[in-house]
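Each residue of the sequence shown is one higher than the last, beginning at 102 in our numbering.
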Amino acid sequence: MRLTTKGRFAVTAMIDLALRQNSGPVTLAAISQRQQISLSYLEQLFGKLRRHELVESTRGPGGGYTLARKAGSITVADIIVSVDEPIDATQCGGSENCMGGGKCMTHDLWTALNQRVVEFLDSVTLQKLVDEQLARGIRIEDRPATRRAISTVPVVKPIRVNAPNSVFALGSAAFAK
């Protein structure tokens with residue numbers, strides 16, 4: 102069994118959101134920049150998280166996402182399941198038809214592993230992950246730093262030529278004299 106990128110990114114983005122939500126709605130662009138996750142991928146993930154009522158969205162200027170529930174009531178299992186990430190180590194998906202019609206010899210082993218993994222992920226809350234990050238000394242800025250570009254080339258005003266801009270204007274100017 103392995104956790105794919107979808108599940109890892111969803112958990113990472115939710116930790117980022119939970120760390121910063123006291124400052125108001127958090128934009129996906131800011132999460133994308135901080136966590137180096139594609140914005141379009143985050144939009145897909147947060148659509149699923151919103152449908153499962155883990156996050157709420159606010160539209161318009163100053164909008165973004167906030168947690169729909171307290172971080173202590175959201176588990177890692179909730180996040181992973183909401184983004185359609187299967188938590189299953191069996192080859193048959195739990196339907197007990199590993200060997201065509203019956204269970205394989207290791208089916209019960211993988212089923213027990215699944216149960217333990219689900220129990221573990223269900224025991225880890227988003228708040229616990231946030232607390233771990235804060236204990237590590239993560240710095241949380243209120244707003245993402247705005248980058249301003251400074252040109253090394255001086256700004257030169259365009260030269261204004263006071264001449265006709267077409268052959269027709271040139272001809273009209275010649276006949277006007």
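Where a beta carbon is used, it is the ideal one built from N, C-alpha and C, also for glycine. These figures come from a predicted structure and were not determined experimentally.
Check	Outcome
Counting C-beta neighbours from all protein chains within 10 Å, is the total for V257 16 or more, i.e. buried, or is it exposed?	exposed
Within 10 angstroms of the Cβ of R121, are there 16 or more other Cβ atoms? Answer buried if so, exposed if not.	buried
Give me the Cα-Cα distance between R160 and V231, rounded to the nearest whole angstrom.	26 Å
To which residues of the same chain is V177 closer than 7 Å at the C-beta, ignoring the five residues directly before and after it?	V112, L222 and V225
For S158, which beta-bridge partners are listed by DSSP?	Y166
For L155, which residues in the same chain have their Cβ closer than 8 Å to its Cβ, ignoring the five residues on either side in sequence?	M115, L168, A169, R170, I175, D179, I180 and S183
Note down, in chain order, each residue of its chain lying with its Cβ closer than 7 Å to the Cβ of I241, except the 5 sequence neighbours on either side.	L120 and R121
Would you decide whether A172 is buried or exposed? Buried here means 16 or more other CB atoms lie within 10 Å of its CB.	buried
Which one of Y166, K204, N263 and Q137 has the shortest CA to CA distance from N123?	Y166
Would you say L129 and F110 are within 8 Å of each other, going by their C-beta atoms?	no
Drop a sphere of 10 angstroms on the beta-carbon of D117, count the other beta-carbons inside from all chains shown, and report buried for 16 or more, exposed for fewer.	buried
Considering V219, what are the terminal residues of the alpha helix (DSSP H) in which it resides?	H208 to S224
In angstroms with no decimal places, state the Cα-to-Cα distance between S133 and L143.	7 Å
Looking at E220 and K107, is the spacing between their C-beta atoms short of 8 Å?	no
Going along the chain, which unbroken runs of the alpha helix (DSSP H) with 4 or more residues stay wholly within the region 118 to 157?	129 to 136 and 140 to 152
Using alpha carbons as the reference points, say which of R237, Q228, N215 and K229 lies closest to L104.	N215
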